[in-house]
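**Q**
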Amino acid sequence: MKKTLYIFSSGELSRKDNTLFFETEEGRRFIPVEDTGEIMIFGEVTVNKRLLEFLSVKEIMLHFFNYHGYYMGSFYPREHLNSGFMTLRQAEHYLDEERRLNIAKEFVRGAARNIRQVLKYYHGREKDVARQINAVENLIAPIDECKDIPTLMALEGNIRDHYYHAFDEIVGNPDFIFQERTRRPPKNYLNTLISFGNSLMYTICLSEIYKTHLDPRIGYLHSTNFRRFTLNLDLAEIFKPIIVDRLIFSLLGKKMITKKSFDRVTEGIMMKEKARKCFVENLDEKLKTTIKHRDIGRPVSYRRLIRLELYKIEKHLMGEKEYQAFVAGW
Amino acid sequence: MNAREINVSGTLVWYYYICPREVWLIGHQITADQDDANVSLGRFIQDYTYPRERKELAVGQSKMDVFRVTDEGLVIGEVKKSSKFKSSARMQLAFYLSELRQRGIEARGELRFPKEKRKEEVVLNEQTERELDKVCREILRILYLPAPPEPKKISFCRRCAYAEFCWS
Ligand code: SF4
């Protein structure tokens, strides 16, 4: 499988013949283009048009994060896989309210079931989260009843509230209390981790969408305005609990990230570079872990599961098979 | 799908004998996973075998390999990974021969299986033409279906680049 390249240092990324070339004050290095799947840029990096053209041909996406580690945007090369048939189907399912709501509900259902799965896991490890499991469970059935997207989104927010309230019990570390969900900028350590992990998840989903015939600008739960990518946000809902949140719990549990991993700056709280590196390395490991897939009959990595999810969405849009979100079995 | 896109091609003829679902997917530009190892192997074999005499001839939508120009005419052919899907390959070649014939060029066909060091003749006779005609109609019928034919587990699925799409 192709690798994700993370760049933390500052320098210039350019094209040298048929490879990528990264030059910093400390040194230079060649990066083989054939096994690079996407590039995530955290440092101050200069790029030029020639490089972008090259990445376009090689179908490699660039994701940019700012100094504080927040997602800024992506270089999404002009769509290389195109199926007019699929684009029409995708738009048709967006325009028809009922169809749109149907897909959006499945995203929320999938997210809720995965949330429940995470809570159950910690419940089994003697964490007192029974109340939250109950609350989440009680909100799963009402998803079916939602008549419109705003109601559905409110319900989703509700589920998430209960879930986040279990975090303090799961993490059990006074340095990392949840308080409330704050985004830009996050107001405490835990929120900083969640925001960072979620941004990474959004970009990974975006990169996977790029490998399919779907248009990332047409989402179902998150409204489309054609200027932003939204399908990746929809998709990430399903995987955030089982990939990002679990990773955060384990990094904190193993003390790989502590309050020393952060800096206080005027805008809020910022992860130190070392902590970010530790986070992405472990995320990368996690995405490579394989699980056995019942129907495909061979091991599938977490990363691949995201792609399979997109295939299922494509099949739903084609009218082949109703979409059922992936739910972790453990 | 607009009318211009609906066209039987040699590739579709090849896949027709293996899996009708694949015909539909390819016909709708739902291209298979490009990272798939078997897709790459196919490209590799195409690029690296018979480098000396190979020339490509494009006729209509098809691309075929020219092996020889003899006194009796052209010999065109296809290089295949193995003889496992021989009937697919035969009919694909017959399709190319008929595309040439429609343009007034008589040619013979030759299938090559470099790994097995074997080759096989294909000629366009009446029986082959009848069969070809039937196949082309059948392919069009599949392409016009509103949704792809359901996936059926066959031995080819294991090496098929659509496998994860079909079985997810
Ligand atoms: S995976 Fe199997 S069913 Fe699907 S297209 Fe390939 S051969 Fe056909």
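These protein sequences, in sequence, are chains P and F.
Following the numbering used here, the numbering of the first sequence begins with 11 at its first residue and continues without gaps.
Following the numbering used here, the numbering of the second sequence begins with 116 at its first residue and continues without gaps.
We treat Cβ as the ideally placed atom computed from N, Cα and C, and that holds for glycine.
With C-beta atoms as the reference, is residue 68 (chain P) less than 9 Å away from residue 43 (chain P)?
**A** Reading the first sequence from its first residue, position 58 is the one you call residue 68 (chain P). Reading the first sequence from its first residue, position 33 is the one you call residue 43 (chain P). Result yes, Cβ atoms of residue 68 (chain P) and residue 43 (chain P) sit closer than 9 Å.
**Q** Relative to ligand 1, is the shortest distance from any of its heavy atoms to the C-beta of residue 308 (chain P) smaller than 8 Å?
**A** In the first sequence, the residue the question calls residue 308 (chain P) occupies position 298. No, since every heavy atom of ligand 1 falls outside the 8 Å radius drawn around the Cβ of residue 308 (chain P).
**Q** List, in order along the chain, the chain F residues whose C-beta lies closer than 9 Å to that of residue 305 (chain P)?
**A** The residue labelled residue 305 (chain P) in the question sits at position 295 within the first sequence. Simply 282 and 283.
**Q** Straight-line CA distance for residue 133 (chain F) to residue 172 (chain F)?
**A** Indexing the second sequence from 1 puts residue 133 (chain F) at position 18. Indexing the second sequence from 1 puts residue 172 (chain F) at position 57. Whole-angstrom Cα-Cα distance: 25 Å.
**Q** When the cut-off is 9 Å and only beta carbons count, does residue 120 (chain P) lie next to chain F?
**A** Residue 120 (chain P) sits at position 110 when you count from the first residue of the first sequence. It does not: the Cβ of residue 120 (chain P) has no partner Cβ on chain F nearer than 9 Å.
**Q** Would you say residue 241 (chain P) faces chain F, with C-beta separation under 9 Å as the test?
**A** The residue you call residue 241 (chain P) lines up with position 231 of the first sequence. No, residue 241 (chain P) lies away from the interface with chain F (no Cβ there is under 9 Å from its Cβ).
**Q** Taking CB distances under 9 Å as the criterion, tell me whether residue 287 (chain F) reaches chain P.
**A** An answer regarding residue 287 (chain F) cannot be provided, because it is not within the stretch 116 to 283 covered by chain F.
**Q** Within 9 Å (strictly less), CB to CB, does residue 262 (chain F) reach chain P?
**A** On the second sequence, position 147 is the one that residue 262 (chain F) refers to. Yes, residue 262 (chain F) lies at the interface with chain P (some Cβ there is under 9 Å from its Cβ).
**Q** Using a Cβ-Cβ cutoff of less than 8 Å, which residues in the same chain neighbour residue 226 (chain P) once the five nearest sequence positions on both sides are dropped?
**A** Mapped onto the first sequence, residue 226 (chain P) falls at position 216. Answer for residue 226 (chain P): 86, 216, 219, 220, 239, 240, 241 and 242, listed in chain order.
**Q** Starting from the beta carbon of residue 321 (chain P), find every residue of chain F whose beta carbon is closer than 8 Å, and list them in chain order.
**A** The residue given as residue 321 (chain P) occupies position 311 in the first sequence. Residues of chain F passing the Cβ test: 279, 280 and 283.
**Q** Determine the closest residue to residue 285 (chain P) out of P:297, P:276 and P:266, with distance taken between C-alpha atoms.
**A** Here the question's residue 285 (chain P) lines up with position 275 in the first sequence. Cα-wise, what sits closest to residue 285 (chain P) is P:266.
**Q** If we cut at 9 Å on Cβ distances, does residue 270 (chain F) have a partner in chain P?
**A** Here residue 270 (chain F) refers to the residue found at position 155 of the second sequence. No, residue 270 (chain F) does not count as interfacial toward chain P.
**Q** Rounded to whole angstroms, what is the Cα-Cα separation between residue 163 (chain F) and residue 197 (chain F)?
**A** What you label residue 163 (chain F) is simply residue 48 of the second sequence in a count that begins at 1. What you label residue 197 (chain F) is simply residue 82 of the second sequence in a count that begins at 1. Only weak support is given to the placement of residue 163 (chain F): the predicted model assigns it a pLDDT of 48, under 50, and the question is left unresolved by the model.
**Q** For residue 282 (chain F), is the beta carbon positioned less than 8 Å from some heavy atom of ligand 1?
**A** Numbered from its first residue, the second sequence carries residue 282 (chain F) at position 167. True, at least one ligand heavy atom lies under 8 Å from that Cβ.
**Q** Mind listing which residues have their beta carbon within less than 5 Å of any non-hydrogen atom of ligand 1? Chain order is fine.
**A** That gives F:134, F:136, F:137, F:266, F:271, F:272, F:275, F:277, F:278 and F:281.
**Q** Could you give the DSSP three-state label for residue 156 (chain F): helix, strand or coil?
**A** In the second sequence, counting from the first residue as 1, residue 156 (chain F) sits at position 41. Per-residue confidence for residue 156 (chain F) stands at a pLDDT of 46, beneath the threshold of 50, marking its modelled position as unreliable; the derived number appears in the next sentence. In the structure shown, residue 156 (chain F) sits in a helix (DSSP, three-state: H, G or I).
**Q** Quick one: is residue 188 (chain F) buried, meaning 16 or more other Cβ sit within 10 Å of its Cβ, or exposed?
**A** Position 73 of the second sequence, counting from 1, holds the residue named residue 188 (chain F). By the neighbour-count rule (16 or more Cβ atoms within 10 Å), residue 188 (chain F) is not buried but exposed.
**Q** Name the DSSP bridge partner or partners of residue 49 (chain P)?
**A** Walking along the first sequence from the start, residue 49 (chain P) turns up at place 39. In DSSP, residue 49 (chain P) forms a bridge with P:15 and P:72.
**Q** Under three-state DSSP, which class holds residue 287 (chain P)?
**A** Against the first sequence, residue 287 (chain P) aligns to sequence position 277. Reduced to three states, the DSSP call for residue 287 (chain P) is helix.
**Q** Any C-beta of chain P sitting closer than 9 Å to the C-beta of residue 137 (chain F)?
**A** In the second sequence, counting from the first residue as 1, residue 137 (chain F) sits at position 22. So no, residue 137 (chain F) is outside the interface.
**Q** Check the Cβ of residue 223 (chain P) against every Cβ in chain F and list those closer than 7 Å, keeping chain order.
**A** Taking the first sequence and counting its residues from 1, one reaches residue 223 (chain P) at position 213. By Cβ distance, chain F contributes 145.
**Q** Three or more C-beta pairs under 8 Å: does that hold for the stretch 223–231 of chain F against the stretch 255–263 of chain F?
**A** Too few Cβ pairs lie closer than 8 Å, so no.
**Q** Is it true that the CB of residue 170 (chain P) sits closer than 9 Å to the CB of residue 150 (chain P)?
**A** Mapped onto the first sequence, residue 150 (chain P) falls at position 140. Mapped onto the first sequence, residue 170 (chain P) falls at position 160. No.
**Q** So, is the C-beta of residue 314 (chain P) closer than 9 Å to a C-beta in chain F?
**A** Numbered from 1 along the first sequence, position 304 holds the residue referred to as residue 314 (chain P). Residue 314 (chain P) counts as touching chain F.
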